[in-house]
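Presented below is the structure to which this report refers.
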Amino acid sequence: MLTLGFYPPGWSRGSVTSTQSDRSSDPVLAGQRVALVGKWASMSKRDAQRLVREHGGVVQERADSATTLVVAGERDASDPSSSSSDGIDPALRSRAAAGALELIGEAQLLQRLGLVDREQQVHRLYTPAMLAGLLDESVATVRRWQRRGWIVPSREVRRLAYFDFAEVATARRLKELVASGMSMAAIGRALAALARQLPEVKRPLAELSVVVEGRQLLVRKGDALSEPGGQLRFDFDASDDTAAAEPSEGESAPGVVAFDLGTLPPATPDEMVSAAGQLEEEGEVAAAAEMYRAAMAAGGPRAELCFALAELLYQMHDLPGARERYYMAIELDEDYVEARANLGCVLSELGEHDLAVSAFEGALAFHDDYPDVHYHLGHTLDALGRGDEAAAHWRAFLQLSPSSPWADEARQRLGQ
Numbered sequence: 000m001l002t003l004g005f006y007p008p009g010w011s012r013g014s015v016t017s018t019q020s021d022r023s024s025d026p027v028l029a030g031q032r033v034a035l036v037g038k039w040a041s042m043s044k045r046d047a048q049r050l051v052r053e054h055g056g057v058v059q060e061r062a063d064s065a066t067t068l069v070v071a072g073e074r075d076a077s078d079p080s081s082s083s084s085d086g087i088d089p090a091l092r093s094r095a096a097a098g099a100l101e102l103i104g105e106a107q108l109l110q111r112l113g114l115v116d117r118e119q120q121v122h123r124l125y126t127p128a129m130l131a132g133l134l135d136e137s138v139a140t141v142r143r144w145q146r147r148g149w150i151v152p153s154r155e156v157r158r159l160a161y162f163d164f165a166e167v168a169t170a171r172r173l174k175e176l177v178a179s180g181m182s183m184a185a186i187g188r189a190l191a192a193l194a195r196q197l198p199e200v201k202r203p204l205a206e207l208s209v210v211v212e213g214r215q216l217l218v219r220k221g222d223a224l225s226e227p228g229g230q231l232r233f234d235f236d237a238s239d240d241t242a243a244a245e246p247s248e249g250e251s252a253p254g255v256v257a258f259d260l261g262t263l264p265p266a267t268p269d270e271m272v273s274a275a276g277q278l279e280e281e282g283e284v285a286a287a288a289e290m291y292r293a294a295m296a297a298g299g300p301r302a303e304l305c306f307a308l309a310e311l312l313y314q315m316h317d318l319p320g321a322r323e324r325y326y327m328a329i330e331l332d333e334d335y336v337e338a339r340a341n342l343g344c345v346l347s348e349l350g351e352h353d354l355a356v357s358a359f360e361g362a363l364a365f366h367d368d369y370p371d372v373h374y375h376l377g378h379t380l381d382a383l384g385r386g387d388e389a390a391a392h393w394r395a396f397l398q399l400s401p402s403s404p405w406a407d408e409a410r411q412r413l414g415q
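Counting in numbering that gives the first Met the number 0, the sequence shown runs without a single skipped number right up to 415 at its last residue.
Dropping the structure here:
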């Protein structure tokens, strides 16, 4: 259940269609016959073709004598007008040099359409599952980091989070901290201490150089720090020691019995959800599942809680239970594409391949550029002996996620 998509910052289909009426009087590409070549970095070629049509251009599958504009994808190329760029027919270059057509790059097209400023870079976006694949981590771990606010999606499509490359860097640092021996609680304390000490730094793991030395977190922030060598040290066990050593504000006098409110059981649905997340982080998966059930019993079912419970049931190898909770999430929110994708995977594992195909096709009906669904649908169709149909989805997957961890498998399936 992975996704890798490519979009310029702030771009979405909605942003294009919402401004289309403003451009309709004078479409940017009116009268242009446009051929798209090469591999695209900012979006799938299918989305690029749609974009051209929405701005008045006529899309050509191949350049011919009537072509007036050739746009070169920039996933692998540098300057499209340079002879060193790959994927551009020399004949097209000759025609462009003679003024018979215009040859531009993908970024130039986006600039003309007003979808990206010249200074902005194209961002590669990753779903939680793709990010987990890149890091060799579990999807549950990535979701925990997101729930704590340690990684923040740059955009969401029908509840499906997409993370940009800056968040990938933050996630890599989190993985390094965990590998060094820091617990989730210790990381949380360290980040809280950083926020107090350096309030001007909004994303410390992305903006600062952070390393672990023994039981201390060291942060280098150049000359802005006063300690020798420009290092700031945080003992990520200190907060527990301090809490135990120092009396709390308003401590009770001798002879008075004090109750720690933090030890009381959660009383509201929101408190139960928070407790479930904490239990999950502590590895108490079964207890977390029961707490989610309690939250829904108290406050009614919600799609995101059904999804969270389904994930836990899957971890507990209760596939029928996970299946039912994914179904329930979809019943509560039919747009929940990740629930549809995960349902398809569970159905496939249960051997219910025809139903899995329906679940995957349902996900694509709501979000057709969801690469992991194409990947899993390709697998399922192959298992059903429907190789020709599977090949179409393997190709779609490669178009959307050519550098994903599973791209080599897709190429092998296609005999490439």
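Glycine included, every Cβ here is placed at the ideal spot set by N, Cα and C.
- Membership of Glu279 in the alpha helix (DSSP H) is indicated by the continuous run 268-280.
- Separation of Ala62 and Glu155 (C-alpha to C-alpha, rounded to the nearest whole angstrom) is 35 angstroms.
- Nearest C-alpha to Ser137 among Asp332, Ala170, Ala294, Arg202: Ala170.
- Counting C-beta atoms within 10 angstroms of its own C-beta, Pro203 has 16 or more neighbours from the protein chains shown and is therefore classed as buried.
- According to the DSSP assignment, Ala395 belongs to the alpha helix (DSSP H) that extends over 386-399.
- Taking 4 residues as the minimum length, the alpha helix (DSSP H) runs contained wholly in the stretch 91-117 are 105-111, in order along the chain.
- Around the beta carbon of Glu53, a 10 Å sphere encloses 16 or more other beta carbons of the protein chains shown; the residue is thus reported as buried.
- Relative to Pro127, the option among Gly384, Ala287, Asn341, Leu346 whose CA is nearest is Asn341.
- DSSP places Leu68 in the uninterrupted beta strand (DSSP E) bounded by 68-71.
- Each of Tyr125, Ala178, Ala191 was checked against the Cα of Phe164, and the nearest Cα belongs to Tyr125.
- Closest in C-alpha terms to Met315, from the list Ile329, Glu337, Arg301, Glu279, comes Glu279.
- Assignment of beta-bridge partners to Glu155 by DSSP yields Ala160.
- By the beta-carbon neighbour count (other beta carbons within 10 angstroms, threshold 16), Asp407 is exposed.
- By alpha-carbon distance to Lys174, the top candidate from Val211, Asp332, Arg412 is Val211.
- For Val27, the secondary structure class from DSSP, reduced to helix, strand or coil, is coil.
- Put simply, the backbone Cα of Gly361 is about 7 angstroms away from that of Arg339.
- The DSSP-derived three-state label of Leu413 is coil.
- Ranked by Cα distance from Met183, the first of Ala205, Pro265, Gln277, Ala194 is Gln277.
- Of the other Cβ atoms in all chains shown, 16 or more fall within 10 Å of the Cβ of Gly343; this residue is therefore buried.
- In this structure, the alpha-carbon of Pro89 lies about 24 angstroms from that of Leu109.
- Counting along the chain, Arg32 sits inside the beta strand (DSSP E) bounded by residues 32-36.
- It is roughly 27 angstroms from the alpha-carbon of Ser273 to the alpha-carbon of Ala168.
- By a beta-carbon distance limit of 8 angstroms, Glu310 contacts Ala139. Their separation comes to about 6 angstroms.
- Around Gly55, the same chain offers Pro26, Val27, Leu28, Ala29 as residues with beta carbons nearer than 7 angstroms, after the five sequence neighbours per side are excluded.
- When DSSP reads this structure, Gln196 sits in no beta bridge, so it has no partner.
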